[in-house]
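One structure below.
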Amino acid sequence: MPAYVVMIRDRLNDAGEMAAYAALAVKARGEKPARRLAFYGEHDAVEGPDPDGVAILEFDDLDAARAWYHSPAYQEALQHRLAGAEYRVILVDGAR
Numbered sequence: 001m002p003a004y005v006v007m008i009r010d011r012l013n014d015a016g017e018m019a020a021y022a023a024l025a026v027k028a029r030g031e032k033p034a035r036r037l038a039f040y041g042e043h044d045a046v047e048g049p050d051p052d053g054v055a056i057l058e059f060d061d062l063d064a065a066r067a068w069y070h071s072p073a074y075q076e077a078l079q080h081r082l083a084g085a086e087y088r089v090i091l092v093d094g095a096r
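Going by the UniProt record's numbering, 7 is the number at position 7 of the sequence shown; the sequence numbering is gapless.
Right, dumping it as structure tokens:
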């Protein structure tokens with residue numbers, strides 16, 4: 001069953017760090033292929049605070065999503081994201 005990584009950017013702090021993150025994150029996705037379902041496009045926050053941006057990635061299953069997130073390649077990229085922005089990231093199983 002598919003699983004999803006929902007990345008909610010609440011605040012951008014350092015564009016340079018985010019550029020470094022983006023370059024490394026692309027390489028990390030190559031190790032654990034994911035499908036981009038939504039990627040920082042126009043959004044409408046109908047409840048709660050309006051985020052700066054939202055990305056949704058689809059993986060084959062929750063184990064694959066976890067493996068991608070915890071992979072050495074993504075953990076290297078993550079250090080730049082943590083320095084560059086404030087995010088909430090959720091890994092969620094698809095509907096049964």
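For every residue, glycine included, the Cβ atom is placed at its ideal position computed from N, Cα and C.
Burial state of Tyr-40 is exposed, judged by a 10 Å Cβ sphere holding fewer than 16 other Cβ atoms.
Contact annotation: Ala-22 and Tyr-74 have beta-carbon atoms that are not nearer than 9 Å. Annotation for Arg-36: the continuous beta strand (DSSP E) segment containing it runs 35 to 39.
Straight through space, the alpha carbons of Ala-25 and Asp-10 are spaced by roughly 19 Å. Arg-9 carries a strand assignment under DSSP once its states are collapsed to helix, strand and coil. By a beta-carbon distance limit of 8 Å, Leu-12 does not contact Ala-67. Their separation comes to about 28 Å.
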